[in-house]
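Just below is one structure, and these are the notes that go with it.
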Amino acid sequence: MTSATEIDIRTEGVAAPANYLNINLGVRSWLLTTDHKRIGILYLWTILIFFVIASVAAALMRIELLTPQGDLVTSETYNKLFTTHGVLMVWFFLIPSIPAVLGNFVLPMMIGARDVAFPKLNLFSWYLFVAGGALTLWSLVRGGVDTGWTFYTPYSTTYANSHVISMAAGVFVAGFSSIITGMNFMTTTHKMRAPGLTWFRLPLFVWSLYATSLILVLATPVLAITLALMSVERFWGVGIFDPKLGGDPILFQHLFWFYSHPAVYIMILPGMGVISELITCFSRKRIFGYGFVAAASMAIAVLGFLVWGHHMFVSSQSIYAGMVFSVLSFLVAIPSAIKVFNWTATLHKGSVSFQTPMLYALGFIGLFTIGGMTGLFLATLAVDVHVHDSYFVIAHFHYIMVGGMVMAFMGGLHYWWPKITGRLYPEFAGKLAAMITFIGFNLTFFPQFILGYLGMPRRYHAYPPEFQVFNVLSTAGASILGIGYLLPLIYFLWSLKFGRVAGPNPWRATGLEWQTSSPPPKDNFERTPIVTDGPYAYSAEEDVDLNLASV
Amino acid sequence: MSILTSQVSDRPAFVAEQFDDIDQQRDAAKLGMWIFLATEVLFFGGLFLAYTIYRFTYGHVFVDASRRLDVVLGGTNTAVLLVSSLLMALGVRAAQLDHRRLLVRLLLGTAFLGCVFMSIKAVEYHNDFVEHLVPGAHFEWKGPDPHNAELFFWIYFAMTGLHAIHVTVGIGILLVLALLAWRGKFSGGNYSQIEITGLYWHFIDIVWVFLFPLLYLVGHR
Amino acid sequence: MNEFHLFPPQASSAAHQIDWIYFALTALTFLICAIVFLPIVFFAIKYRRGSKADRSNPRVESLLIESGWTIVPLLIFIGLFGWGAVVYFDVERPPRDALQILVVGKQWMWKLQHAEGKQEIDELHIPLGRTVALTMTSQDVIHSFFVPAFRVKQDVVPGKYTSEWFKSTEPGEYHIFCSQYCGTQHSAMIGRVVVMEPEDYERWLNIGQPSESIARTGERLFRERGCSGCHSVNSKFHAPLLEGLYGKSAPLETGEIATVDDRYLRDSILLPGKEIAKGYQNIMPSYAGQLGEEEIMQLIAYLKSIGNQNPPNESK
Amino acid sequence: MEKVVAPKIYFRTCIALLALLALTWSIAYVDLGPFNLIFALAVAITKAIVIALFFMHIKGSRRILHLAAIAGVMWLMILIALTLGDYFTRGWVPLSH
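Protein chains in written order, with this note's numbering: chain A, 1 to 551; chain B, 552 to 772; chain C, 773 to 1088; chain D, 1089 to 1185.
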């Protein structure tokens, strides 16, 4: 194995060496840490809180939709539920999860650095994230918001009588946390790579984080100014989106979707990066077409900025602009297709083993392919006229975000869990949770494609009786999906105490992060490693038993 | 077998431990700042988009409304910011050359010109307030299309207000740096923070360079 | 209308066209899924760890294959885009000879009015086989008029007119939904389209007290609200004569040329100083706030009805 | 140590900027129709480039800083261009067949 450096193997019995976890203890050491690894874990706990709240909101909505007439909650409360689910999931779980948790932890180690470029700023971005979250929760406690996570004017500025400004302020503050993280990752990737680590020897997870940071940095400011303009217009009673002044509500949609479409690529790109890591490690083979997969990440980041108009085909946007956005939306689907085909080709002549991360990776490829293809339905002008703002759209983006992004996050979390905690999760429970999640997910969201084409509009508190069958199926699936997410929470906590001790490299992976002990020391490496080879230098012939014989 | 670099131990105190040497730290700081300036361009960009669209849609009202703004004050403000940029650039040079007292004087000079800019801005806002040009309840407009004129002034106050907030933050940073420079914190090549603030200040100047013609010189006077 | 089915009824000419694209896309999705899932299952089994398969010199790079699965999807996608764009271009432009219906969306109900004057709330009776064009605006927030059975949807935006058209091919009752979130009772802002045989439609039109056609209501408003005070031959104010104006292009004070369509007339009523006709000063007062959305549409319908009369000559 | 720029370059830059300001201010009193806007923008862009090159030391700095400087403006152009693409083509819809 011509990997970077060998590391002397520590025997089991010696007292645990100083690592980033036990180097200093106490709440103060955690709340004032500038160690990228600890900040990653702080983010993990924070997004878990928001994920739980948003999931409860989703569960209430799904129970409400069991019956055609709205009898569990009033329509006012239902509107606040889907807004809470939207805002918390998008800005406080999906966008931060892989970049801020796994990215913060693993990026510096993958490029052989001691920390990110600006550690103090990194901690500041976590505090911004918590402040934003607190503001949002405060607005929920005061009575919530019923405008949907899209805040469309003139409803959000003139007609909504809920706590829009405080939630917009919360998202505004959390937006700057994303901007600073994005800037931090880009500077780190440019300036702090280990000697010998050229751009085309970077692991693909670093490439996807770099592409994500490009979007974070260039899209989030437009969200900040859009929410600021909306809030000022709501507060002052007069503004640029108000038709009475000759303003145009469609301008708000342009500004909002200029951020929000690239935002969906912020969510999926890191997931793709994780999948590239998992597929190569568990099929013991180099990625197929490394250059193309890396270039595809950058292409998605850039093309992602040109396509936002496909959210507005029926919003009185000019039909010629609609055609321009439609053809560009088809183009942006090509890099994603390239990635999926390359992952499939990677399995060829590999030595494929089915640990939990690999199950999540294969699940990702399956569901992301369906999600991506249904995206084409929405990019096709004529079909979008029928399915826009229907449950078809709901199913499409949940296939990408839950079927794609959350599966990749779970896969990544299982894959790097030994490195983060030094412990191994229980393999059978892991595989079981992955299967339950896969089945529950499909049962929840596939019926919604049919519902969508039948014409059930989204954000409906009550619906005609003929749609009930599919809604009942979807709710049943949601309960299974809920169990699928609960299991990992349990056995991850269990593994902290009782999990088998993981050696520095339980998966025999080739990344730099596996060339140091787990959990790693505070400065990641005793000596900065020199990289002499490209990533994923696996050889499928050499039979490696991954059944986690501890080192 | 790959060789391992020995830990660099003989580096100055102010180089943070995640960097190997001073050049890497300074380059990283500059790249980080330029990326932040790109986000600021897009942050102001949302307002520039709104301005562009409504200027093409309501061109004539924009011309009349722009004529109500005081171009003399606007022009002098531009000159004030340009000169403050000069002082800032000289300040960065002084920091590079370790001239501590010159650096402090130049930082204070830049901050002073920033305050001059803000006071001229305050005078302008007061005049607009007196002439009932502030959008909202008591906005008055005698010419045609009062609503679109109100739209122009809304954009005017949004853009210049956002810019003014940035200038105020800039002044605050400059005063803090002047204090730290007085205590000798930026001697011996540790001038990265001065350079970063310089980039930020020049960026504010560039934004105003665009705001002046677009708001004050719409059509001919 | 409420029996269970897997596929929405195809009740308009557009429905068939759009469903064909939908089937093509579904077939393509199954094809791509097969192209991805089958090899994964095959490789996963054949090259599972410990299997006796030939793993010598695996390929990790092939320009030919990469360009293959870039160009082929690109061509398929361009074809799909073209097909979708052609049908979209047809669906988005209302034909000229359609039955005109005015729709005003208001927080949480639809107010519809037929050209003959009959008004309906949350219901739309239309004759089978006739092309129907809706001209829509909103009194408050953005709504969206969505009839799944006709496969048509168009946002209804305050401050401007949007249009939508369909040609029904199946009699029956079909859902109307508001598909753009508009507030608390968004899910109650629903209704039904009743497609009737043409004779039944004529009979339906005449039951109840005779109603004044929209154009005549517009003419009455034209006089009552003082428009005719200026816009008439013998007015002492210098205001453009509106006969024979609709659809033509009007030169503006600024030298540009504006086509006199619904948008131009609406803006001239509410924001008179915006596009002043050539040779006239800006003396017209704004009617913003004094005319309801329906009244503005009725005035415009009247101006449309006199759109092809030539203006009466000056009576000196 | 980075190379230090001579003060006279800074003074010359400032004078050039003030001259451009005077130019754009005085031209504004001449009625050039649509060219007023084009001229004002051209002068503003020149001033911005001059500030970026000399005061912000883009001149002679690493290529990556050039990219970062241009990227922000490029993405703003994407936003404005495609949105104007919508606003300018709204009136083009001919009444159909």
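Note that beta-carbon positions come from the ideal geometry of N, C-alpha and C, so glycine has one too.
For residue i, I'd like the list of residues in its chain whose CB is within less than 6 angstroms of its CB, leaving aside the five on either flank, ordered along the chain.
i	result
Ala-715 of chain B	Lys-672
Ala-987 of chain C	Ala-1073, Tyr-1074, Ser-1077
Cys-805 of chain C	none
Pro-563 of chain B	none
Leu-620 of chain B	Tyr-767
Met-1 of chain A	Low per-residue confidence applies at Met-1 of chain A: pLDDT is 34, beneath 50, and the placement is therefore not dependable enough to give any value.
Phe-305 of chain A	Pro-262
Ala-224 of chain A	Phe-172, Gly-175
Pro-781 of chain C	Ala-921
Below 8 angstroms on the Cβ atoms is my contact criterion, and I expect residue i with residue j to pass it. Report the Cβ-Cβ distance as a whole number of Å.
i	j	result
Ser-315 of chain A	Met-230 of chain A	Rounded, the Cβ-Cβ distance is 17 angstroms, inconsistent with contact.
Val-101 of chain A	Tyr-43 of chain A	5 angstroms
Ile-215 of chain A	Pro-262 of chain A	5 angstroms
Lys-339 of chain A	Val-293 of chain A	6 angstroms
Chain G partners of residue i, CB-CB under 9 angstroms?
i	result
Trp-976 of chain C	Here chain G cannot be found, since the structure's protein chains are A, B, C and D.
So which residues of chain A does residue i contact, with C-beta pairs closer than 8 angstroms?
i	result
Thr-590 of chain B	Ile-179, Met-183, Val-217, Leu-218, Thr-220, Pro-221
Thr-956 of chain C	Ser-75, Glu-76, Asn-79, Asp-146
Trp-841 of chain C	Ala-337, Ile-338, Phe-341
Ile-1166 of chain D	Phe-305, Leu-306
Ile-757 of chain B	Result: empty, since nearest Cβ-Cβ is about 16 angstroms, beyond 8 angstroms.
Using a cut-off of 9 angstroms between C-beta atoms, extract the partners of residue i located in chain A.
i	result
Tyr-819 of chain C	Ser-283, Lys-285, Leu-347, His-348, Lys-349, Gly-350, Ser-351, Val-352, Ala-540
Phe-994 of chain C	What Phe-994 of chain C touches in chain A: nothing, since even the nearest Cβ is about 24 angstroms away.
Closer than 7 angstroms by C-beta to residue i: which residues in its own chain qualify, once you throw out the five before and the five after it? Chain order, please.
i	result
Lys-431 of chain A	Thr-356, Leu-359
Ala-549 of chain A	Here Ala-549 of chain A scores only 40 on pLDDT, less than 50, and its place in the model is too uncertain to base an answer on.
Val-385 of chain A	Phe-313, Val-314
Gly-363 of chain A	Met-407, Ala-434, Phe-438
Could you name the residues of chain D that residue i contacts, counting a contact when the two beta carbons are closer than 8 angstroms?
i	result
Pro-764 of chain B	Thr-1112, Ala-1116, Ala-1128, Leu-1129, Val-1131, Ala-1132
Arg-772 of chain B	Ala-1116, Tyr-1117
So with CB distances below 9 angstroms, who are the chain B contacts of residue i?
i	result
Thr-1026 of chain C	Gly-610, His-611
Thr-1177 of chain D	Neighbours of Thr-1177 of chain D on chain B: none; closest Cβ ~13 angstroms, over 9 angstroms.
Residues of chain B with CB closer than 7 angstroms to the CB of residue i, please, in chain order.
i	result
Leu-1141 of chain D	Chain B residues near Leu-1141 of chain D: none, gap ~11 angstroms exceeds 7 angstroms.
Ile-553 of chain A	This structure leaves residue 553 of chain A out entirely; chain A is present only between 1 and 551.
Lys-1096 of chain D	Neighbours of Lys-1096 of chain D on chain B: none; closest Cβ ~11 angstroms, over 7 angstroms.
Which residues in chain A sit within 7 angstroms of residue i, going by Cβ to Cβ distance?
i	result
Gly-596 of chain B	Val-222
Ser-797 of chain C	Looking at the sequence shown, residue 797 of chain C is not Ser but Leu. Those are Leu-376, Phe-377, Thr-380, Val-383, listed as they occur along chain A.
Ala-601 of chain B	Ile-240, Leu-251
What does residue i reach in chain B if we use C-beta pairs closer than 8 angstroms?
i	result
Leu-1120 of chain D	His-771
Once the 5 residues before and after residue i are set aside, which same chain residues still bring their CB inside 8 angstroms of it?
i	result
Ile-948 of chain C	Trp-882, Asp-894, Leu-896, Phe-917, Phe-918, Val-919, Ile-962, Gly-963, Arg-964, Val-965
Lys-1088 of chain C	At Lys-1088 of chain C, the pLDDT of 41 sits below 50, so the modelled position is not reliable and the matter cannot be decided from this model.
Ile-793 of chain C	Leu-852, Trp-855, Gly-856, Val-859
Ser-553 of chain B	Interpretation of Ser-553 of chain B is limited by its pLDDT of 34, a score under 50 that renders its predicted location unreliable; the figure taken from the coordinates is listed afterwards. Cβ neighbours of Ser-553 of chain B beyond the five flanking positions: none.
Glu-76 of chain A	Asp-146
Show which residues of chain C have a CB atom less than 8 angstroms away from the CB atom of residue i.
i	result
Asp-679 of chain B	Going along chain C, no residue has its Cβ under 8 angstroms from Asp-679 of chain B, so there is no contact; the nearest lies around 22 angstroms.
Can you pull the chain D neighbours of residue i, defined as C-beta to C-beta under 7 angstroms?
i	result
Ile-722 of chain B	Within 7 angstroms Cβ-Cβ: nothing; Ile-722 of chain B doesn't reach chain D, min ~18 angstroms.
Ile-717 of chain B	Residue identity check: residue 717 of chain B is His in the sequence provided, not Ile. The contacting residues do not exist; His-717 of chain B stays about 15 angstroms from chain D at best.
Listed in chain order, which residues of the stretch 1148-1161 of chain D have Cβ atoms closer than 8 angstroms to some Cβ of chain A?
Cβ contacts with chain A come from Ile-1152, Ala-1159, Gly-1160.
Beta carbons nearer than 8 angstroms to chain B: which residues of the stretch 1033-1053 of chain C have them?
Those residues of the stretch 1033-1053 of chain C that come within reach of chain B (Cβ to Cβ, closer than 8 angstroms) are Leu-1043, Pro-1044, Gly-1045, Lys-1046, Ile-1048.
Can we say the stretch 906-923 of chain C touches the stretch 1000-1019 of chain C, given the rule of at least three CB pairs closer than 8 angstroms?
Too few Cβ pairs lie closer than 8 angstroms, so no.
Please identify, using Cβ separations under 8 angstroms, the residues of the stretch 327-339 of chain A that lie next to chain C, in order along the chain.
Listed in sequence order: Val-327, Phe-330, Leu-331, Ala-333, Ile-334, Ala-337, Ile-338.
To be precise: take each residue of the stretch 631-663 of chain B, compare its Cβ to all Cβ atoms of chain D, and keep it if any distance is under 7 angstroms. Which residues remain?
Under the 7 angstroms Cβ criterion, the stretch 631-663 of chain B contributes Leu-633, Val-634, Ser-636, Leu-637, Ala-640, Leu-641, Arg-644, Gln-647, Leu-648.
Is it true that the stretch 111-118 of chain A meets the stretch 68-88 of chain A, where meeting means three or more beta-carbon pairs spaced less than 8 angstroms apart?
Remark: fewer than three beta-carbon pairs, one from each stretch, lie closer than 8 angstroms, so the stretch 111-118 of chain A and the stretch 68-88 of chain A are not flagged as touching.
Using a Cβ distance threshold of 8 angstroms, determine whether the stretch 532-544 of chain A contacts the stretch 451-470 of chain A, with at least three qualifying pairs required.
Output reads no: the stretch 451-470 of chain A does not touch the stretch 532-544 of chain A.
Inter-stretch contact at 8 angstroms, needing at least 3 Cβ pairs: the stretch 227-247 of chain A / the stretch 562-577 of chain B:
No, the stretch 227-247 of chain A is not in contact with the stretch 562-577 of chain B.
According to a CB-to-CB cut-off of less than 8 angstroms, which residues of the stretch 868-890 of chain C neighbour chain A?
For the stretch 868-890 of chain C, which is checked against every Cβ of chain A, the residues closer than 8 angstroms are Gln-879.
Proximal residues, the stretch 191-210 of chain A versus chain C, C-beta separation under 7 angstroms:
Result list empty, no residue passes.
Mind listing which residues of the stretch 687-712 of chain B have their C-beta closer than 8 angstroms to chain C's C-betas, in chain order?
Those residues of the stretch 687-712 of chain B placed with their C-beta closer than 8 angstroms to a C-beta in chain C are Gly-694, Pro-695, Asp-696, His-698, Asn-699, ordered along the chain.
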